[in-house]
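Number of protein chains: 2
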Amino acid sequence: MYEGAIQDLIDELGRLPGVGPKSAQRIAFYVLSADPVDVKRLSMALQRVKDQVRFCTTCFNVAESEQCRICRDPRRHDEAICVVEEPKDVVAIEKTGEFRGRYHVLGGAINPLEGIGPDNLRIRELMTRLQSGEIKELILATDPNTEGEATATYLALMVKPMGLRVTRLASGLPVGGDLEYADEITLGRAFEGRRQI
Amino acid sequence: MYEGAIQDLIDELGRLPGVGPKSAQRIAFYVLSADPVDVKRLSMALQRVKDQVRFCTTCFNVAESEQCRICRDPRRHDEAICVVEEPKDVVAIEKTGEFRGRYHVLGGAINPLEGIGPDNLRIRELMTRLQSGEIKELILATDPNTEGEATATYLALMVKPMGLRVTRLASGLPVGGDLEYADEITLGRAFEGRRQI
């Protein structure tokens, strides 16, 4: 145990996800010897995230005003909504430059074991958006794992009566990967989804 | 890239030791959805470490006043000084409850490859303390690695003319460990230092 302030900081850091007692101690001693300006910047950045960042009232992505940058952008089209689990998935898809429509962030995936059902996700808000009539395609880009697949299946069933085109991102071999290291489910999906060249 | 404040926080967190881009993002999103009171506490703890914590003017351990808790404690004796590299080593030794003397924190170990020589450590200050005459034993508790051994050897040579008892912590098998998993140097030391029972 250290004296007062340094032990308090170790305790607070230890509460963060992925920071164990050893890393908390290491970070605390780094802070102790760091430039006061850098520490001030970190502590201000923490406060500002709480004060300024909220969730877009349309798509629930992170935003600094009522709507996020993407929902506000008039150069993007309203014909397709790409449904993802988390804001970080929006960032990942934006990096590809492949999509120019809008997003909808569910805030997670259906996971009965953790008590997360459809009502805990932003599904009702998605349904309201789909009723606008402008949207022609719903792209289901939830994670390719059990919870993500379950959520995509659930959404596909709900949306079907609306006559929209509903798509799911392709599963297959990761580019740059080695065929022999692919797991059997991925390799199976790659076969299923094979395309003529 | 995220909007403003959240990206700033990811960038700031990414500068901390042992926090990569993925963990920085994970912590930033945790902060975003955390209780504002918890975030305030963390940001205050960061500031307080910079404002309140300094180094003990006697032993260079972390302290909140001019002297650290151990140097101020009148129930501890002044006959032995235990020399360690870092404040965290003081904490480790205090946990054993084996030592009731004082400490001296060098602030590192001699490491020519990283440009750390004797002048970069608190060795001059240690020599001044030893001249008080009260001290009978100097316990060298630097790390049992190349840099720690070099530092201990250097200190032993410097202190020898003063006629003090100079000791080094025992090397040997860790308690609770498996003999077969001990590396050969540790096992060699354990043989060397074997004791009659």
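Protein chains in written order, with full-length UniProt numbering: chain A, 1 to 197; chain B, 1 to 197.
Glycine residues also receive a C-beta, built at the ideal position from the N, C-alpha and C atoms.
Chain D contact for Gly-4/A (CB, 7 Å cutoff) = Absent from the structure: chain D. Protein chains present are A and B.
Within the 7 Å Cβ cut-off, does Gln-52/A reach chain B?
-> Yes - at least one Cβ of chain B is within 7 Å of the one on Gln-52/A.
For Pro-36/B, go through chain A and note every residue whose CB falls closer than 8 Å to its CB, in chain order.
-> Result: Lys-50.
In terms of residues, what are the limits of the alpha helix (DSSP H) holding Ala-92/B?
-> Note, Ala-92/B: alpha helix (DSSP H), 87-96.
Who are the near neighbours of Arg-168/A in its chain, counting only those whose CB is closer than 7 Å to its CB and skipping five residues on each side?
-> The answer, listed in chain order, is Leu-140, Ala-152.
Within 6 Å: the Cβ of Leu-121/B and any heavy atom of the ligand PLP?
-> Among the ligands in the structure shown, none appear at all, so the ligand PLP cannot be discussed.
Within this structure, are the beta carbons of Leu-138/B and Leu-121/B separated by less than 7 Å?
-> Going by C-beta atoms, Leu-138/B is not nearer than 7 Å to Leu-121/B.
Neighbourhood of Asp-143/B by C-beta distance below 7 Å, restricted to the same chain and skipping five residues each side | Excluding positions up to five away in sequence, the list reads Glu-85, Ala-109.
Using a C-beta to C-beta distance shorter than 9 Å, which residues of chain A count as neighbours of Ile-27/B?
-> Near Ile-27/B (Cβ distances below 9 Å), the residues of chain A are Leu-16, Pro-17, Gly-18, Val-19.
Cβ of Ala-80/A within 7 Å of any chain B Cβ | So, not an interface residue.
Which residue or residues does DSSP assign as beta-bridge partners of residue 217/B?
-> Because chain B spans 1 through 197 in this model, residue 217/B falls outside it and cannot be assessed.
Hey, Gly-14/B and Ala-24/B are a contact pair by Cβ (cut 8 Å); roughly how many whole angstroms apart?
-> Gly-14/B to Ala-24/B, Cβ: 4 Å. Contact.
Report the three-state DSSP secondary structure of Thr-58/A (helix, strand or coil).
-> Thr-58/A sits in coil when the DSSP states are folded into three classes, being neither helix nor strand.
Which one or two residues does DSSP pair with Ala-5/B in a beta bridge?
-> According to DSSP, Ala-5/B shares a beta bridge with no other residue.
Can Val-49/B and Leu-42/A be called in contact, C-beta distance under 7 Å?
-> For Val-49/B and Leu-42/A, no; Cβs fall outside 7 Å.
Below 8 Å CB to CB, which residues in the same chain sit around Val-19/B once its five sequence neighbours on both sides are set aside?
-> Cβ neighbours of Val-19/B beyond the five flanking positions: Leu-13, Ile-27.
Note down the Cα distance separating Arg-165/A from Leu-32/A, rounded to an integer number of angstroms.
-> When only Cα atoms are considered, Arg-165/A and Leu-32/A end up about 56 Å apart.
For a contact meaning CB atoms closer than 9 Å, what does Lys-160/B contact in chain A?
-> Correct list: empty, because the minimum Cβ distance to chain A is about 32 Å.
Inter-stretch contact (C-beta, 8 Å, three-pair minimum) for the segment 91-107 of chain B and the segment 57-65 of chain B | Segments in contact, yes.
Out of Tyr-2/B, Glu-3/B, Asp-35/B, which has the shortest C-alpha to C-alpha gap to Leu-16/A?
-> Ranking Tyr-2/B, Glu-3/B, Asp-35/B by Cα distance to Leu-16/A puts Asp-35/B first.
Where Asn-111/A sits in the DSSP three-state scheme = Here Asn-111/A sits in strand by DSSP.
For chain B, is any of its Cβ atoms less than 7 Å away from the one on Val-39/A?
-> Val-39/A counts as touching chain B.
Contact list for the UniProt zinc finger region "C4-type" (56-71) of chain A against chain B, Cβ threshold 8 Å = Listed by position, the residues of the UniProt zinc finger region "C4-type" (56-71) of chain A near chain B (Cβ gap below 8 Å) are Val-62, Ala-63, Glu-64, Cys-68, Arg-69.
Helix, strand or coil: how does DSSP classify Leu-140/B here?
-> DSSP, read as helix, strand or coil, puts Leu-140/B in strand.
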